[in-house]
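Asks: With the sequence shown counted from 1, adding 3 to any position gets you the numbering used here. The structure under discussion is supplied below as structure tokens; questions concerning it will follow.
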Amino acid sequence: MHERGDMKRAVLPFAATVLVALAPGAAVAQRALPPTSPGAVAVRWSLPMSHVRRQVPSWSATDLSLAGGFLTLLWVDASQTRSLARKNWRGFSEANPLLGRKPSEGQVNTYTALAAVTTLGIAQALQPKARRWWLGAAVALQAFTVYHSTAHLGVSFSVR
Numbered sequence: 004m005h006e007r008g009d010m011k012r013a014v015l016p017f018a019a020t021v022l023v024a025l026a027p028g029a030a031v032a033q034r035a036l037p038p039t040s041p042g043a044v045a046v047r048w049s050l051p052m053s054h055v056r057r058q059v060p061s062w063s064a065t066d067l068s069l070a071g072g073f074l075t076l077l078w079v080d081a082s083q084t085r086s087l088a089r090k091n092w093r094g095f096s097e098a099n100p101l102l103g104r105k106p107s108e109g110q111v112n113t114y115t116a117l118a119a120v121t122t123l124g125i126a127q128a129l130q131p132k133a134r135r136w137w138l139g140a141a142v143a144l145q146a147f148t149v150y151h152s153t154a155h156l157g158v159s160f161s162v163r
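Set out below in structure tokens:
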């Protein structure tokens with residue numbers, strides 16, 4: 004069983020890993036590389052998990068819950084939007100002016116990753132009380148977006 008502090012420290016690296024995996028081109032980075040010539044130099048970068056844990060900010064359980072709720076709702080919103088993009092936006096258009104009226108799946112993925120990193124980055128820079136307000140507002144906005152898409156527009160509630 005993990006201690007509570009260990010779990011807190013593990014949430015943000017996990018969230019960052021998920022966001023990197025969702026970023027456009029992530030699948031390309033996972034393909035096997037062609038063989039290199041004998042004179043080529045290979046450079047690999049790694050970071051021990053113990054070092055990553057030392058860099059994780061100290062957030063309260065409330066902060067982590069709000070951040071997790073935000074990321075979950077953002078994921079559902081992005082899934083709904085990608086679903087509409089796959090169907091060529093028949094009968095729908097995107098309301099977010101940053102995405103445009105009919106964004107591609109790649110544009111949705113890029114926006115989602117940037118929205119997550121930006122929102123959590125700003126939260127990290129804020130003082131604890133302001134962080135809770137910021138993350139609470141982010142959760143509320145995403146909850147409204149998902150609710151509106153599902154209840155009023157009839158977009159299916161599925162995660163892919």
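Just so you know, even glycine gets a beta-carbon here, dropped at the ideal spot from N, CA and C. Nothing here was measured: the structure is a model prediction, and the numbers come from that model.
Alpha carbon to alpha carbon, what distance is there between Ala98 and Val133?
Replies: Taking the sequence shown and counting its residues from 1, the one referred to as residue 133 is at position 130. Taking the sequence shown and counting its residues from 1, the one referred to as residue 98 is at position 95. According to the sequence displayed, residue 133 carries Ala and not Val. The alpha-carbon atoms of Ala133 and Ala98 are separated by roughly 28 Å.
Asks: For Ala30, is the classification buried or exposed, using 16 other Cβ atoms within 10 angstroms of its Cβ as the cut-off for buried?
Replies: Taking the first residue of the sequence shown as 1, we reach residue 30 at position 27. Reliability fails at Ala30, whose pLDDT of 45 lies under 50, so the model's placement of it is uncertain and the value that follows must be treated cautiously. Ala30 is exposed by the Cβ-count criterion.
Asks: Please list the terminal residues of the continuous alpha helix (DSSP H) segment that includes Lys132.
Replies: Position 129 of the sequence shown, counting from 1, holds the residue named residue 132. Segment Pro131 to Tyr150, the alpha helix (DSSP H) holding Lys132.
Asks: Could you tell me which of Leu69, Thr65, Trp62 and Ala64 sits nearest to Ala119, measuring between CA atoms?
Replies: Taking the first residue of the sequence shown as position 1, residue 119 is located at position 116. Among Leu69, Thr65, Trp62 and Ala64, the Cα nearest to that of Ala119 is on Leu69.
Asks: With 16 other CB atoms within 10 Å as the buried threshold, where does Ala88 fall?
Replies: In the sequence shown, counting from the first residue as 1, residue 88 sits at position 85. It is buried - the Cβ of Ala88 has at least 16 other Cβ atoms within 10 Å.
Asks: Which residue comes first and which comes last in the alpha helix (DSSP H) that contains Ala88?
Replies: Numbered from its first residue, the sequence shown carries residue 88 at position 85. Ala88 -> alpha helix (DSSP H) spans Ala64 to Arg89.
Asks: Let me know if Leu117 comes out buried or exposed under the rule of 16 or more other beta-carbons within 10 Å of its beta-carbon.
Replies: Along the sequence shown, read from residue 1 onward, the residue named residue 117 stands at position 114. By the 10 Å Cβ count, Leu117 comes out exposed.
Asks: What is the DSSP secondary structure of Leu117, reduced to helix, strand or coil?
Replies: Sequence index remark: in the sequence shown, residue 117 carries index 114 (1-based). Of the three classes helix, strand and coil, the one that applies to Leu117 here is helix, per DSSP.
Asks: Tell me, to the nearest whole angstrom, how far the beta carbon of Phe73 is from that of Gln145; I am working on the premise that it is less than 8 Å.
Replies: Within the sequence shown, numbered from 1, the residue matching residue 73 stands at position 70. Within the sequence shown, numbered from 1, the residue matching residue 145 stands at position 142. Rounded, the Cβ-Cβ distance is 6 Å, consistent with contact.
Asks: Which class does Ala126 belong to by DSSP, given the choice of helix, strand or coil?
Replies: Sequence index remark: in the sequence shown, residue 126 carries index 123 (1-based). Helix, per DSSP.
Asks: For chain D, check one thing: does any of its Cβ atoms lie closer than 7 Å to the Cβ of Ser63?
Replies: Any reference to chain D falls outside this structure, which holds one protein chain only.
Asks: What is the DSSP secondary structure of Asn99, counted as helix, strand or coil?
Replies: By one-based count along the sequence shown, residue 99 stands at place 96. Coil at Asn99, not helix or strand.
Asks: Using a Cβ-Cβ cut-off of 8 Å (strictly less than) and excluding sequence neighbours within five positions of Val111, which residues of its own chain qualify?
Replies: Within the sequence shown, numbered from 1, the residue matching residue 111 stands at position 108. Correct list, in chain order: Ala81, Thr84, Arg85, Ala88 and Leu102.
Asks: Where Ala140 and Pro51 are concerned, what is the direct C-alpha to C-alpha distance, given to the nearest angstrom?
Replies: On the sequence shown, residue 140 is found 137 positions in, with the first residue counted as 1. On the sequence shown, residue 51 is found 48 positions in, with the first residue counted as 1. For Ala140 and Pro51, the distance between alpha carbons rounds to 34 Å.
Asks: Identify whether Gly109 lies in helix, strand or coil by the three-state DSSP scheme.
Replies: The residue labelled residue 109 in the question sits at position 106 within the sequence shown. Of the three classes helix, strand and coil, the one that applies to Gly109 here is helix, per DSSP.
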